[in-house]
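If you want our numbering, it's the 1-based position in the sequence shown plus 944. Positions of the beta carbon are idealized from the N, C-alpha and C atoms, including for glycine. Just so you know, these numbers come straight off a predicted model, no measurement behind them. Report on the structure given below.
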Amino acid sequence: MTVSLYPSDSVASPVAIADPQQCLTALFEMDTTLPDGFAETAILSWLISLPSEIDPARAAATLGSLPRIAGAQGGETGRISQLLREIARYPAEKLAATGRRGHRRHA
């Protein structure tokens, strides 16, 4: 089953939609060591760059499925990969079903 990230995803690739400013994909193409603590800054920059129509969890899952990101271990790139997996665990539907303190909302 293919999940639509964005209404115009027939025009743009899923990766381009999931990382519109290439905040994360560019880091994995650089082949350079990132400074300590950079992963959180990179993730925040990426989250801010996402259009409001994009579910960050679905975008994180798309990016996390890329071999270069999925295979990252250790260092800041490994941390980015780990953070993407964590974000992917909480799609919009799951968050909407949960109340402010983690309790399920009653209908």
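Quick check on this structure: which residue in A960, A1040, P1011, T1006 has the alpha carbon closest to the alpha carbon of E1030? Within the sequence shown, the letter at position 86 stands for residue 1030. Among A960, A1040, P1011, T1006, the Cα nearest to that of E1030 is on T1006.
Residue burial classification, P951 (beta-carbon count within 10 angstroms, cutoff 16): Counted from its first residue, the sequence shown places residue 951 at position 7. Residue confidence for P951 is low, a pLDDT of 49 falling below 50, so the modelled location carries little weight and cannot support an answer.
Looking only at C-alpha atoms, which of Q966, G1018, R1012 sits nearest to W990? As a working note, residue 990 is residue 46 in the sequence shown. If we check each option's Cα against that of W990, Q966 comes out closest.
Given E997 as reference, the closest of A962, T976, F972 once Cα atoms are compared: Start at 1 with the first residue of the sequence shown, and residue 997 comes out as number 53. Nearest of A962, T976, F972 to E997, Cα basis: A962.
D953 - DSSP class collapsed to helix/strand/coil: Mapped onto the sequence shown, residue 953 falls at position 9. Note that D953 scores 45 on pLDDT, short of 50, meaning its location in the model is unreliable and no value can be drawn from it.
Can you look up T1042 in the DSSP assignment and give me helix, strand or coil? Taking the first residue of the sequence shown as 1, we reach residue 1042 at position 98. Note: T1042 maps to strand in three-state DSSP.
Do you know offhand how far A1003's Cα is from G1022's? Taking the sequence shown and counting its residues from 1, one reaches residue 1003 at position 59. Taking the sequence shown and counting its residues from 1, one reaches residue 1022 at position 78. Those two C-alpha atoms are separated by around 18 Å.
Starting from I1013, trace the alpha helix (DSSP H) both ways and give me its first and last residue. As a first step, residue 1013 is located in the sequence shown; it is residue number 69 there, counting from the start. Start and end: 1011–1014.
Kindly indicate which residue of G1019, A1016, A1014, I1024 has the alpha-carbon position closest to the one of L968. Working through the sequence shown from its first residue, we reach residue 968 at position 24. Considering only alpha carbons, the answer is I1024.
Mind checking whether I1013 and F972 have CB atoms under 8 Å apart? In the sequence shown, the residue the question calls residue 1013 occupies position 69. In the sequence shown, the residue the question calls residue 972 occupies position 28. For I1013 and F972, yes; Cβs fall inside 8 Å.
Spatial neighbours of R1033 within its chain, please: CB distance less than 8 Å, with the 5 preceding and 5 following residues excluded, ordered by chain position. Within the sequence shown, numbered from 1, the residue matching residue 1033 stands at position 89. Around R1033: A1001.
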